Each structure stands twice: as structure tokens, then as C-alpha cells.
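Okay, structure first, notes after.
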Amino acid sequence: MDNIVTRALDRLVPRQATIDTIEPGSIVVAPRQPIDLHDEASITEVLDLALRIGAALLDAGTGAIDTRHQVEFVAGIYGLDNVDVDVTYNTILICARRGSTLPPITASRTVYYRSLDFTRLAQIDRLVRKIQRLSITPETAHRVVDEIVEAPHPYPRWVATAAWGLMALGIGVFLGGTWIVWLTAFVTTVVIIEFNRRLHHIGTPPFFQQMAGGFLAVLPAALLYPLLQHSGLGFSPAQIIATGIIVLLSGLTLVGSVQDAITGAPITAVARFTEVLVMTGGIMIGVALSIRFVGLFDVHLPALTTAPPFGAADVPARVIGGSIAAFAFALASYAERRALPAAFVAGAIGSGVTAALFLTDLGPIFSYAAAAIIIGLVGGIAARRSLTPPLVVAIAGITPLQPGQAIYRGMYGVMTGTGGSWAIVTALGIGVGLATGVTLGEFIARSLRRPRFPRVFPVRR
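No gaps in the numbering here: position 460 of the sequence shown is 460 in our numbering, and each next residue is one more.
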């Protein structure tokens, strides 16, 4: 019955993305009377609903400030105008003030895990619009939230696993590899995903999962290199290892951490950035251990101290590979079907812009940052057309641009004593440039059309 109601509400909601409906100072737009401030049960019900929506957004990687605005928006729709909301890393705290004669009511919720389920994020996005446009009751909204949170993933697990492999294949194309590199990257990534999934089921901390992934990313390249180095097939261990690193980096919240730092949530930004650094450190340790391990068997990977050359002939491969990787990442993250074409286009645009700028002397950091700005802008605009949260398109679009080769080049230089610190600094600069560019692009998209909604009743001071 709830599914029937949900689908009916979907048809009634106007096709307008949340990016156009939520902005600070423009809440309380539903035709609803102010809530009775003496009714503690009703206030608690609204606060709990706002918290559950905020927790689902935070779980999907939404920035702290955007999460806070959505929590305030939901509370304001139901008549709670005077609320204080604090979002700190994985905790949401909301306090409803009831004037000088009544004590405030406070509630909190903690997000214990983070998941890549973009369908859930899109459904929460639509629920907020239902609450705004259709004035559904808190009880009905609670049932919809339960249905969204408890629903299984929209695709079988094997589809997501195959999508991760397809993403690695696309990155192999993006990096200029041959068909043997594509297939090896596909198989290696599928093995890494399945192995890490089993580690997760037995409660292994994420750091060790990343370390295991980095270790496994090197082994196939090291095993096949002695056999294929003179085969003429264009087998490149560096491209396979870089592909594995990019896949492992794709699930990290670097964009959210930089966005929090820019938009005024420094505590959350530091916590998220620390998490990203620790998880990236796990990958690097795994790669380093694996290089040492294969060295015990007298297997030595080819030297990699400089960036590979890039020319105009490499542009088509970049665009095709980036498109496939972005599409596959969105699919692996359980994005809705309507979001997949937008992710494909974002990957093509980002890869194309980066490839074009690589032909100039602007440098990698500026090239990646410029591409990320366009991806963020495209994500914001596409959100209005396909009702897809801009975070989905933005994260998928920058996924092929993660600095996997720079990280491996830096680690190889450190391990062999030939330098490498500059490559690691470049990788960090590229990552921050991508996150900053996406944030700026989304800000520009929000500024292109800023709606104004009339207030139904005045806000209490």
C-alpha cells in the first residue's frame, strides 16, 4: 500500500529539483498552520522526521551545510521556524525553541556508517519536495522514510560488482591502455571488490580494507609483467595499478570535506579530510607492501618516475574512457536509471575538458580544477532536468579524474629512492582542485536561478 501511495505522490510532485526549492530564509512554504508549541509529542515527531531525513543525506555524503539547510527546511514546513541545527561529521543535533516561558526540545541522531546508494539519496530528495508541495503529514512522511531506508538496493549485488569492473575498464581506456590492460583491470577490480566485501562482513575496519585493496592492485600487474613485457601487447603495470587506486579512491568523501571547509563547517571538514587522508594512506601502504612482497620473488616493476606523454591523439580515448568510468561508477553506486545518462555526459565533459587543457601549458592541477568546475555546473543544471541530486552527477563525473597515476608514481619514487614527494604533493593538489572545482560549479548552478517563495505565515522571533 505504501508503494502505491509513494508512486502516486511522485506523479503529483512538480518536476523541480530540490536545488531550486531549498535555500536559507525561504522555508515554511506549505499551507499549514504553525505547530502548537505546547504539544511536545507533535514537536518531537517533526524533529525526529527532520533528523531521519538529515541522517540519510549525511550517510550518502551530502555536505554538512546542505544537510543542515534541509533539516531546517523540513522543520520549517511543519511550523517549527525557531530551530537550531548543528551537523558535526556524523552527528545531527536539532533544538526547537519555544519562547521564553517554555523549555526547548532537543533531539539528535548519529550516522554510524556511510553507504553508496544514490537511489536512496534521490528518493530522500523527492520526499522533501513531496513534503513541501503536497503538505503530507509527518506520520505519512515517516512511513515513506521507513520505506526508503529499509528498501533493498535497486540492482542485484552482481550488477554492482560488474559495474565496478566496468569502471576499471573505462579508467584503463582513459589512461591510454590496451585491451590487455582493460581486461586485467576489470578482473583485478572485481576480485578487490569481492574480497573487501567479505572483509566488511566480518567487521574489518575500512583502513585495512583499503590496505588490502592496494595490496591486491599490484599483484596481477606484477605476476603478468614478466610474462607479457616482450609480447608486444602493450602491457603496462603502472596503468593497472593506477586503475585499482582510482577505484579505491572513488568512494572517499574528499568533495564533501572540501565543501564543508569552504561553506563554513570547519570541524566536519577536518574530520572528513582526516578520514580521507587515513584511507588514502591505507591504499599507499598496501601498494608499498605489495611492491616489497613481489620483490622478494625477484619481480621488479618497470621504473615510473615521470608522467606519461600526452598528445592530441589521446583525446578520444580520454573522452570515451571517462564516460564509461563515470557511467559505471553511478551504476555501481546504485544510481537511478534516469541519473546514468547524466553521469555519462558529465564524465565525457570532464574528461574532454581535461584532455584539451593538457595540450596547453596550464599544468595538471589547473586542468583538473577547471574540468571539475564545469562538472559541478553540469550536475547542478542536470539536477533540474532529471530530478537527480547534483552530488550524484558531480561525484561520478570527477571519478575518472582521481590522481591514481600520480599517487603510484610518488609511491614508486619513495620506495625506490628516486624521489616521489613532488608527485604525492601533485596528487594531493589534484584531489583538492577537483573538490574545490565541484563546489564552485554547484554554487554557480544554484546562483543561475534563485527562486523566491512567499511566506504563508510570519516567522516568530
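Each residue gets a CB set at the ideal place from its N, CA and C atoms; glycine is no exception. Treat the numbers as computed from the prediction; the structure is a model and nothing was measured.
Report buried or exposed for residue i, applying the criterion of at least 16 other Cβ atoms within 10 angstroms of its Cβ.
{"i": "I202", "result": "exposed"}
{"i": "H69", "result": "buried"}
{"i": "L448", "result": "exposed"}
{"i": "E442", "result": "buried"}
{"i": "A445", "result": "buried"}
{"i": "I267", "result": "exposed"}
{"i": "Q402", "result": "buried"}
{"i": "S257", "result": "buried"}
{"i": "Y89", "result": "buried"}
Quick check: the Cα distance between residue i and residue j, rounded to an integer number of angstroms?
{"i": "L301", "j": "A107", "result": "55 angstroms"}
{"i": "S115", "j": "G363", "result": "34 angstroms"}
{"i": "D81", "j": "R120", "result": "27 angstroms"}
{"i": "W179", "j": "F293", "result": "27 angstroms"}
{"i": "V144", "j": "S231", "result": "58 angstroms"}
{"i": "H38", "j": "G79", "result": "13 angstroms"}
{"i": "V85", "j": "I395", "result": "26 angstroms"}
{"i": "L434", "j": "T280", "result": "16 angstroms"}
{"i": "L169", "j": "D117", "result": "22 angstroms"}
{"i": "T426", "j": "Y368", "result": "11 angstroms"}
{"i": "F73", "j": "A328", "result": "33 angstroms"}
{"i": "A467", "j": "G251", "result": "Nothing can be reported for residue 467: it is not among the residues displayed for the chain, which extend from 1 to 461."}
{"i": "V87", "j": "I349", "result": "33 angstroms"}
{"i": "L93", "j": "A55", "result": "10 angstroms"}
{"i": "T462", "j": "L58", "result": "Any question about residue 462 goes unanswered here, given that the chain covers just 1 to 461."}
{"i": "A370", "j": "P206", "result": "31 angstroms"}
{"i": "Q405", "j": "G376", "result": "23 angstroms"}
Please classify residue i: does DSSP put it in a helix, a strand, or coil?
{"i": "A60", "result": "coil"}
{"i": "S135", "result": "coil"}
{"i": "I35", "result": "coil"}
{"i": "V87", "result": "strand"}
{"i": "I92", "result": "strand"}
{"i": "A423", "result": "helix"}
{"i": "V109", "result": "The residue asked about is misnamed: residue 109 is Arg in this sequence, not Val. Correct three-state label for R109: strand."}
{"i": "Y155", "result": "coil"}
{"i": "Q402", "result": "coil"}
{"i": "S447", "result": "helix"}
Using only alpha-carbon positions, find the residue among the options that is nearest to residue i.
{"i": "G397", "options": "A342, W422, I92", "result": "A342"}
{"i": "H153", "options": "G363, L434, R337, I374", "result": "R337"}
{"i": "W164", "options": "V190, D146, R126", "result": "V190"}
{"i": "L357", "options": "D314, E275, I407, I94", "result": "D314"}
{"i": "L183", "options": "Q132, H142, P237, P226", "result": "P237"}
{"i": "A185", "options": "I320, L219, A160", "result": "L219"}
Along the chain, where does the alpha helix (DSSP H) containing residue i start, and where does it finish?
{"i": "L277", "result": "266-295"}
{"i": "A242", "result": "237-249"}
{"i": "A217", "result": "206-228"}
{"i": "H201", "result": "179-201"}
{"i": "L233", "result": "Taken as a continuous stretch (DSSP letters only), L233 belongs to no alpha helix (DSSP H), as it is neither H nor E."}
{"i": "G363", "result": "From DSSP, G363 is part of no alpha helix (DSSP H); its letter is neither H nor E."}
{"i": "A394", "result": "390-398"}
{"i": "Q259", "result": "254-263"}
{"i": "S323", "result": "315-332"}
{"i": "P341", "result": "340-358"}
Regarding residue i and the ligand SAH, is the C-beta to nearest heavy atom distance less than 7 angstroms?
{"i": "L183", "result": "Ligands are entirely absent from the displayed structure, and the ligand SAH is therefore not among its contents."}
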